[in-house]
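Worksheet: the structure to be examined is printed underneath.
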Amino acid sequence: MKILLVLPPSPSALKSVLGVGGVPLGLGYIASALEHEHDVKIIDAITCDYDVRKLRDAIERFDPDVVGVSSTTPAIYGAYDVAGLAKEVNPNCTTILGGPHPTFAAHEVMEECEYVDVVVRGEGEETIKEVVGELDGNGGGSLKEVKGITFREGKRIIDTENRPLIKNLDEVPFPAYHLMPMNSYRFRGKRFGAVITSRGCPFRCTFCSSSQLYGKTWRARSPENIVQELRVLTEDYGVKEIEFLDDTFTLDKNRAKKFCDLLMKEGIDISWSCSSRVDTMDKEVAKKLKEAGCHTVYVGVESGSQRTLNLIQKGITLSQVERAIKTIKEAGLGTLCSFIIGIPGETKKAIERTIEFAKKLSPNFAQFTICTPFPGTRLFEMAKEKNLLLTKDWSKFTTLEPVMRVPGLSAELLKELMKKAYIKFYLRPSFVMREIFKGRIFLIKEVFSAARSLLWR
């Protein structure tokens with residue numbers, strides 16, 4: 053069968069600030085699961101600047117039997133457009149949606165868009181093979197036996213039972229990089245890539261859906277398997293910069309250190325960044341990361357108020373945050389700390405405390421976002437129960453504008469507080485002078501460019 057996999061056209065904050073979108077790893081994994089038995093093509097509409105006309109032309113030329121689309125919440129309307137185009141070109145084409153939003157809002161997706169035939173929920177590598185097998189006539193022709201999907205049968209929408217999670221991630225083939233525009237993923241002239249080395253999250257943060265999407269049990273690839281993928285990226289595609297997309301790369305400290313040792317032993321020349329929790333970071337881990345080429349660690353701090361951290365069940369303390377950021381800095385690593393504004397139950401004073409805490413921590417970069425209740429999170433369920441949702445226009449669920457009512461904090465005030473956070477953090481004389489002293493005037497220009505494109509729209 054001919055299968056077209058699409059990352060749909062949608063506004064991208066990453067593209068607007070950095071000039072390039074992220075690598076669509078999810079589609080890459082799906083493609084690698086299918087390509088040995090089918091003719092598969094990937095279109096990254098964000099990176100390759102596909103508009104509706106260009107996308108329609110591509111669908112007409114390839115004439116696929118199946119069109120699969122991956123979507124987050126704010127991109128879902130773009131996914132609907134792709135499904136509609138596919139049906140317009142060929143009404144007999146089967147349209148399949150996957151990704152976080154379709155997983156957690158499967159019925160709503162199918163009710164909102166009549167052009168969607170199947171939703172793949174959760175991990176899709178095994179599921180998509182079975183779905184396509186049934187469509188291709190290799191099974192009994194019934195989707196009812198395929199675990200982990202939601203599909204139409206006449207006017208009915210049917211859920212099959214959930215699919216068990218993949219136990220051994222080393223057995224999952226690497227993403228089909230040869231089907232992606234790898235030469236287009238560049239930042240400051242360097243080719244970059246992204247790698248996921250684990251799935252699942254044992255933590256209980258109310259604003260995050262990761263544990264629902266990939267399970268509460270943390271499953272990790274071996275250091276040897278990760279290094280094999282890095283060798284493919286560096287030798288076959290000239291990648292020099294890697295972003296590890298794991299929720300918590302350092303959750304297993306021993307695995308993180310073994311990976312660093314193996315990376316150095318194999319002599320793979322890359323610079324890279326990763327994410328960590330403050331309770332999974334120590335001096336030994338930070339030192340290893342630095343030695344192995346890591347330059348920046350992303351840390352979800354979320355708030356400068358212990359009460360607020362407790363509200364979102366983050367499971368960390370402010371003193372842990374301060375110790376971890378100090379440890380990371382002392383190892384010579386850069387830090388990017390993220391903070392959330394407008395968490396239900398917090399006050400203006402608590403938000404201002406968060407801004408001051410960000411300044412006190414003084415990471416290299418700070419990211420401030422407005423608390424957004426994404427489907428699949430406990431925060432979303434709470435917002436529905438308490439009638440706090442201001443809109444269900446999914447395109448507004450970008451974390452850049454309020455979509456949830458926060459008692460005592462108006463939407464306008466939240467937007468002003470986010471602007472204030474960026475201004476007070478990045479226009480500190482100490483920050484500006486530090487970057488000038490390090491010869492990074494370009495960074496200051498990028499910060500102002502980001503501010504203009506994201507905050508003053």
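With my numbering, letter number 219 in the sequence shown gets 271, and the count goes up by one each step, no holes.
Don't be surprised by glycine CBs; every beta carbon is placed ideally from N, CA and C.
Fair warning: this is a prediction, and the values are worked out from it, not measured in the lab.
Cβ neighbours of Lys340 within its own chain (closer than 8 Å, five residues either side excluded): Ala308, Lys309, Cys312 and Asp313.
A straight-line Cα-Cα distance of about 12 Å links Glu223 and Thr249. Pairing Leu452 with Gly397 gives a Cβ-Cβ distance that is not under 9 Å.
Counting along the chain, no beta strand (DSSP E) covers Ser84; the unbroken alpha helix (DSSP H) around it starts and ends at Leu77 to Leu86. Here the alpha carbon of Thr399 sits roughly 19 Å from the alpha carbon of Lys476.
Residue pairing by DSSP puts Thr421 in a beta bridge opposite Ile392.
Looking at the DSSP output, Lys242 bridges to Phe239. Secondary structure at Arg307: helix, using DSSP grouped into helix, strand and coil. By the C-beta density criterion, Thr443 is exposed, having fewer than 16 other C-beta atoms within 10 angstroms.
If you look at Arg208, you'll find it in the beta strand (DSSP E) that goes Arg208 to Asp211.
Shown here for Cys165: same chain residues with a beta carbon closer than 7 Å to its own, the five before and five after excluded, namely Tyr132 and Ala135 in chain order. According to the DSSP assignment, Ser325 belongs to the beta strand (DSSP E) that extends over Ser323 to Ser328. Checking the DSSP bridge columns, you'll see Met456 partnered with Leu441. Looking at the DSSP output, Tyr350 sits in a beta bridge with Ser327 and Leu388. Within its own chain, the residues whose Cβ lies closer than 7 Å to the Cβ of Ser274, once the five positions on either side in sequence are excluded, are Asp222, listed in chain order.
Gly252: not part of any alpha helix (DSSP H); DSSP gives it neither H nor E. Around the C-beta of Met162, 16 or more other C-beta atoms lie within 10 Å, and the residue is accordingly described as buried. When DSSP states are grouped into helix, strand and coil, Lys292 belongs to the coil group. Leu413 is classed as buried because its beta carbon has at least 16 other beta carbons within 10 Å across all chains shown.
Using a Cβ-Cβ distance cut-off of 8 Å, the stretch 350–362 and the stretch 405–420 are in contact, since at least three pairs of beta carbons, one from each stretch, lie closer than that value. Nearest to Leu79 by alpha-carbon distance, out of Ala158, Ala246, Leu137 and Asp103, is Ala246. For Ser122, the secondary structure class from DSSP, reduced to helix, strand or coil, is strand. Here Pro60 is near Ser123, since their CB atoms are less than 9 Å apart. Using a Cβ distance threshold of 9 Å, Phe156 and Leu265 count as a contacting pair. Residue pairing by DSSP places Phe203 opposite Val170 and Ile210 in a beta bridge. Within the same chain, and ignoring the five residues on either side of Asp321 in sequence, no residue has its Cβ closer than 6 Å to its Cβ.
Counting C-beta atoms within 10 angstroms of its own C-beta, Ser261 has 16 or more neighbours from the protein chains shown and is therefore classed as buried. In this structure the stretch 446–465 does not lie against the stretch 289–305, because fewer than three pairs of beta carbons, one per stretch, are closer than 8 Å.
Excluding residues up to 5 positions away in sequence, Ala158, Val171 and Asp211 lie with their Cβ nearer than 6 Å to the Cβ of Thr202 in the same chain.
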